[in-house]
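In what follows, a single structure is set out as structure tokens and then discussed.
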Amino acid sequence: MKSQPRLLTHALFQHHLFTPTGWSEHVVLIFRNRVEAGRLLGEKLRAEGFEGPGVKVLGIPRGGVVTANAVAEVIGGQLDVVVSRKLRAPFNPELGIGAVSEHDALFVNWEIVRELGVSQEYLEGEIEHQKGVVRAYVEKFRMGEPLSLKGSVAVVVDDGVATGATVIAAALACRRAEAEQVVVATPVIAEDVAPLVSRYCDKLVYVLKPVVLYAVGMYYEDFSEVTDEDVLKLLSRLRRAG
């Protein structure tokens with residue numbers, strides 16, 4: 001068994017989780033917050049050889065940008081955003097059936113779409129709606145500048161991956177933006193989702209890969225909401241420093 005990152009040793013907690021055989025008590029590792037998670041993820045990336053100013057660290061707004069900033073500080077990379085939006089299932093907006101990102105990148109989980117009987121009309125409408133949201137966020141967070149990654153190593157960062165849709169769409173966007181290499185990095189990813197995400201990137205880097213991941217927030221002590229204003233303040237501070 002591989003040793004756990006040293007900074008996580010404080011974060012041993014008992015969680016009561018519902019499993020197919022009933023409620024069970026599991027000892028799990030959790031992060032204090034997105035910043036600590038990002039620092040640990042940065043250490044993992046550095047150990048894999050991803051560091052220096054040639055690495056673009058792309059946080060998925062909103063929470064992923066906080067994590068990405070901590071990653072960038074550890075590896076010395078350049079922080080930016082890559083906007084990716086979940087496609088919501090009808091009657092259950094928390095359930096993702098795919099995602100759209102910049103450069104018209106699109107990922108649809110056709111298995112879920114078929115299982116739910118999602119109509120073509122609904123799917124097309126949701127895609128167009130979320131594309132509009134992507135454009136609005138690009139305008140807000142990058143002043144409308146298109147994502148440009150030619151010749152760079154792009155590290156897509158989110159604060160956790162439960163279904164994989166948003167990071168996959170973001171990885172596809174990075175390909176279209178001509179990144180030389182695309183890495184997906186996250187503090188925690190569901191074990192059954194990791195192989196799917198790996199098919200869409202050159203390298204998948206993570207800190208934790210639990211069998212059970214009902215919600216990303218269960219692996220954080222503090223998973224407070226991150227607002228648009230929080231992201232804007234962080235980006236504007238970096239731009240002034242640069």
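According to full-length UniProt numbering, the residues represented by the sequence shown are 1 to 242, in order.
Cβ atoms here follow ideal geometry from the backbone N, Cα and C, with glycine treated the same way.
By Cβ distance below 8 angstroms, which residues in the same chain neighbour P146 in space, the five residues on each side in sequence not counted?
A distance below 8 angstroms between beta-carbons, with the five flanking residues on each side excluded, links P146 to the following residues of its chain, in chain order: E102, H103, V138, A177.
Output the distance between the C-alpha atoms of A179 and V81, rounded to the nearest integer angstrom.
14 angstroms
Thinking C-beta only, is A169 closer than 9 angstroms to K56?
no
Here's the rule I'm using: 16 or more other beta-carbon atoms within 10 Å means buried, otherwise exposed. How should K86 be labelled?
buried
Ordered list of beta strand (DSSP E) runs contained in the region 149–202, each at least 3 residues:
153–157, 181–188
Hey, would you say V118 sits closer than 9 angstroms to A89, going by beta carbons?
yes
CB L41 to CB T186, shorter than 9 angstroms?
yes
Does the region 59–66 come close enough to the region 152–166 that 3 or more CB-CB pairs lie under 8 angstroms?
yes
Quick check on DSSP: helix, strand or coil for Y214?
coil
When the distance is taken between beta carbons, is I127 closer than 9 angstroms to L106?
Closer than 9 angstroms, so yes.
For the beta strand (DSSP E) holding E94, just list the boundary residues, first then last.
92–101
Please determine, among T163, P210, G217, the residue with the shortest C-alpha to C-alpha distance to I112.
T163
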